[in-house]
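Counted from 1, the sequence shown has number 108 at position 84 by the numbering used here; the numbering is strictly sequential.
No residue lacks a Cβ here, since even glycine has one placed at the ideal position from N, Cα and C.
Here's the structure, in structure tokens; my notes come after.
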Amino acid sequence: MRIKDYRPEDRPREKALCFGLSSLSDQELICLLIGSGTKTKNALQIAQGVLEASDNLRKLASMTFSELMAIAGIGKVRALLIQAALELAARCHQANAFSQPVTLSNTNEVIEWFKAKYGDEKQEHFAALYLDTKGRILRHSLLSLGTLNRSLIHPRDVFRQAFETNAASVIFVHNHPSNDPSPSQEDLEATRILIDAADIFQIAILDHIIVGRDAAYSFRAHQLLD
Numbered sequence: 025m026r027i028k029d030y031r032p033e034d035r036p037r038e039k040a041l042c043f044g045l046s047s048l049s050d051q052e053l054i055c056l057l058i059g060s061g062t063k064t065k066n067a068l069q070i071a072q073g074v075l076e077a078s079d080n081l082r083k084l085a086s087m088t089f090s091e092l093m094a095i096a097g098i099g100k101v102r103a104l105l106i107q108a109a110l111e112l113a114a115r116c117h118q119a120n121a122f123s124q125p126v127t128l129s130n131t132n133e134v135i136e137w138f139k140a141k142y143g144d145e146k147q148e149h150f151a152a153l154y155l156d157t158k159g160r161i162l163r164h165s166l167l168s169l170g171t172l173n174r175s176l177i178h179p180r181d182v183f184r185q186a187f188e189t190n191a192a193s194v195i196f197v198h199n200h201p202s203n204d205p206s207p208s209q210e211d212l213e214a215t216r217i218l219i220d221a222a223d224i225f226q227i228a229i230l231d232h233i234i235v236g237r238d239a240a241y242s243f244r245a246h247q248l249l250d
């Protein structure tokens, strides 16, 4: 059945116009992004396929472009639209999560945001938050993909962005796809190199956080940044 053959109150677009986007289900919201159907499926049915393929919205946010395109009815344009909507949501969440200056007393906000952003990733992401003297975020930057080790993380590249933004401090974060946030020997060695470089450049490392889907590890809390 075509969506235009549904009752008006059951059509996602009309429902949103009458009652607002908050009245729509996840399936209906994705339907709006998809727009139109195919010869065999309407947009609601395609949206249901997206939800079934991802299981939940967190997993949907971590799906790759090729994984989205593997879903029936999702081509390049629709995959891009879905990823663009998810990226906007992530940026909005980041702005809200970091509305207050980041201090050592509220790094839990940082941990929760990074768990949501990187916790479901299938490979390691190493990122940094660059902060000013008042703890306000100047830049969030993804520095590398892949296992954290001394050969992949060069202090020059890491701290170059600190100089570009005139940052006074930095928080490092990376994820463990295994969901075990315990630091490996390579994590410890790479962090020690960054600590030594930070001393030379006179930039404070507020924390290095390792996140999994449901857990996190703080180098600061374990006194490993001295």
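Please confirm whether any heavy atom of the ligand ATP lies closer than 7 Å to the CB of L92.
With respect to the ligand ATP, the structure shown offers nothing to examine, as it has no ligands at all.
Whole-number beta carbon distance between H164 and H198, since they are thought to touch under 8 Å
With a beta-carbon spacing of about 13 Å, H198 and H164 fall beyond the 8 Å limit used to define contacts.
Suppose contacts are defined by Cβ-Cβ distances below 8 Å. Is G73 in contact with I95 by that definition?
With respect to I95, G73 sits close: the two C-beta atoms are nearer than 8 Å.
Same chain only: Cβ atoms within 6 Å of G61, ignoring 5 sequence neighbours per side
Contacts found: A67.
Taking the straight line between their C-alpha atoms, what separation do you get for G44 and D231?
Distance between the alpha carbons of G44 and D231: 41 Å.
Suppose you measure from the CA of E33 to the CA of M25; what does that come to, to the nearest Å?
Rounded to the nearest angstrom, the two C-alpha atoms are 16 Å apart.
Is it buried or exposed, A152, if we count other Cβ atoms within 10 angstroms and call 16 or more buried?
Here A152 is buried, its C-beta having at least 16 other C-beta atoms within 10 Å.
If you draw a straight line from the C-alpha of Y30 to the C-alpha of R82, how long is it?
In this structure, the CA atom of Y30 is about 30 Å from the CA atom of R82.
Neighbour-count burial assignment, R160, 16 or more Cβ in a 10 Å radius
R160 should be labelled exposed.
I234 and P205 closer than 8 Å at C-beta
Taking C-beta atoms as the reference points, I234 and P205 count as a pair closer than 8 Å.
Spatially closest choice to N190 from R37, Q51, D156, by CA coordinates
Considering only alpha carbons, the answer is D156.
Over what stretch of residues does the beta strand (DSSP E) that includes R163 continue unbroken?
Here the beta strand (DSSP E) through R163 covers 161-169.
Length at least 3, wholly inside the segment 190-214: the beta strand (DSSP E) runs in chain order
Fully enclosed beta strand (DSSP E) runs of 3 or longer: 193-199.
What does the Cβ neighbour count give for V182, buried or exposed, with the cut at 16 atoms within 10 Å?
Its Cβ being crowded by 16 or more others within 10 Å, V182 is buried.
I need the boundaries of the beta strand (DSSP E) containing Y30, first residue and last residue.
Neither: Y30 is in no beta strand (DSSP E) and is coded neither H nor E.
Can you tell me which of the three DSSP states L230 falls into?
Here L230 sits in strand by DSSP.
Given a threshold of 16 other Cβ atoms within 10 Å of its Cβ, counted over all protein chains shown, does G236 qualify as buried or as exposed?
Buried is the call here.
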